[in-house]
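K.L.:
In this note's numbering, the protein residues as written are 472 to 670.
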Amino acid sequence: MTKLAVIYYSSTGTVHAMATRLAEAGEKAGAEVRLRQVAELAPPEAIASNAAWSQHFDETKNEPKAAADDVVWADAVLFGTPTRYGNVASQLKQFLDTLGPQWSQGQLADKVYAGFTSTMTAHGGQESTLLALYNTIHHFGGLVAAPGYTDPLKFADGNPYGVSHVTGGSNDAPLTDVQLNALDHMAQRVVRLAGKLSA
Ligand SMILES: Cc1cc2nc3c(=O)[nH]c(=O)nc-3n(C[C@H](O)[C@H](O)[C@H](O)COP(=O)(O)O)c2cc1C
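1) Which value, in whole angstroms, describes the spacing of the CA atoms of Y480 and A560?
2) So what does DSSP say about A658, is it helix, strand or coil?
3) Kindly list the residues whose CB is nearer than 6 Å to the CB of T638, restricted to its own chain and excluding five residues on each side of it in sequence; keep chain order.
4) By DSSP's criteria, E598 is part of a beta bridge. Which residues make up the other side?
5) Reducing DSSP to helix, strand and coil, say where K625 ends up.
6) Quick check on this structure: which residue in N521, S482, F611 and P623 has the alpha carbon closest to the alpha carbon of A585?
7) Between N642 and ligand 1, is there a pair consisting of the residue's CB and a ligand heavy atom that are separated by less than 7 Å?
8) Hey, which unbroken runs of the beta strand (DSSP E) at 3 residues or more fall wholly within the stretch 485-550?
9) Quick one: give me the first and last residue of the alpha helix (DSSP H) that K474 is part of.
10) Indicate whether at least one CB of chain C lies closer than 8 Å to the CB of E511.
11) For a test of the three-state rule: what should DSSP assign to T638, helix, strand or coil?
12) Return helix, strand or coil for G571, following the three-state DSSP convention.
13) Please indicate yes or no: does the CB of H656 lie closer than 7 Å to some heavy atom of ligand 1?
14) In angstroms, rounded to a whole number, what distance separates the CA positions of Q508 and A537?
15) According to the Cβ coordinates, are A496 and L654 closer than 8 Å?
16) Use the C-beta contact count for A510: other C-beta atoms within 10 angstroms, 16 or more gives buried, fewer gives exposed.
17) Checking 8 Å against the spacing of the C-beta atoms, do A627 and A547 come in under that value?
18) Kindly indicate the opening and closing residues of the beta strand (DSSP E) around G586.
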């Protein structure tokens, strides 16, 4: 059975919803799935300053936290992060930066990886965030399995670098079928490719 880890950070729930959909799609594709959030690092006063952030933190604080073993264990890994100034959120970056011991032993190499993200605005840095994330995957010796335009549905969401969503000015635009279909496609694809690699 192909092992899929979906590892993400989310402040206000968007990337959490994307991660949950990817996990469901991975299971439907026949994978054993670990859905893991990385630890929140922001100070309590920063979280308290944003009602949506506080609510999401309270709702998900008991969910299983990502550990290095979740990456080592997996055949395929999907990393998710909201955009922060066109870059990876520090919470996910911190998790990646704890993986030095596993990296130095080659335990992160030869796996299939891809990423997903969200921004508030349409040109707010989705591509730069995913490309920044993939810098790390290259250092792992991982295989970046960005979805490209490998299915006609990718012309609807329009992001060949991964899957992404625009939350809009009030930061709460829900995922539509366009993103849900693209998430399903990316999960199915990494599970299929990781299965071929293992075989
Ligand atoms: C410090 C900070 C920096 C951000 N930088 C950007 C940005 O560069 N471009 C953008 O469109 N949105 C930016 N945003 C908005 C977030 O990307 C958006 O709220 C996020 O994608 C929602 O995901 P979440 O609900 O999973 O937290 C930023 C938000 C914060 C708090």
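In this text, a Cβ means the ideal position worked out from N, Cα and C, and glycines have one as well.
P.N.:
Based on what the coordinates show:
1) What you label residue 480 is simply residue 9 of the sequence shown in a count that begins at 1. What you label residue 560 is simply residue 89 of the sequence shown in a count that begins at 1. The alpha-carbon atoms of Y480 and A560 are separated by roughly 8 Å.
2) In the sequence shown, counting from the first residue as 1, residue 658 sits at position 187. A658 falls in the helix class under three-state DSSP.
3) Looking up residue 638 in the sequence shown gives position 167. Excluding positions up to five away in sequence, the list reads T485, S589, M591 and A644.
4) Position 127 of the sequence shown, counted from the first residue, corresponds to residue 598. Paired residue(s): none; E598 is not in a bridge.
5) By one-based count along the sequence shown, residue 625 stands at place 154. Here K625 sits in helix by DSSP.
6) Within the sequence shown, numbered from 1, the residue matching residue 585 stands at position 114. Selected option, being the one with the closest Cα: F611.
7) The residue given as residue 642 occupies position 171 in the sequence shown. N642 Cβ: within cutoff of ligand 1.
8) 503-508
9) Position 3 of the sequence shown, counting from 1, holds the residue named residue 474. Looking at the DSSP string, K474 is not in any alpha helix (DSSP H); the run it does join, the beta strand (DSSP E), is K474 to Y479.
10) Given the protein chain composition of this structure (a single chain), no chain C is represented.
11) The residue given as residue 638 occupies position 167 in the sequence shown. T638 falls in the coil class under three-state DSSP.
12) The residue labelled residue 571 in the question sits at position 100 within the sequence shown. G571 falls in the helix class under three-state DSSP.
13) Here residue 656 refers to the residue found at position 185 when the sequence shown is read from its first residue. It does not: the Cβ of H656 is nowhere closer than 7 Å to a heavy atom of ligand 1.
14) Locating residue 508 in the sequence shown gives position 37, counting from the first residue. Locating residue 537 in the sequence shown gives position 66, counting from the first residue. Those two C-alpha atoms are separated by around 6 Å.
15) As a working mapping, residue 496 is identified with position 25 in the sequence shown. As a working mapping, residue 654 is identified with position 183 in the sequence shown. For A496 and L654, yes; Cβs fall inside 8 Å.
16) On the sequence shown, residue 510 is found 39 positions in, with the first residue counted as 1. With fewer than 16 other Cβ atoms within 10 Å, it is exposed.
17) Locating residue 627 in the sequence shown gives position 156, counting from the first residue. Locating residue 547 in the sequence shown gives position 76, counting from the first residue. Result no, Cβ atoms of A627 and A547 do not sit closer than 8 Å.
18) In the sequence shown, residue 586 corresponds to position 115, counting from 1. Looking at the DSSP string, the run of the beta strand (DSSP E) that includes G586 is V583 to T590.
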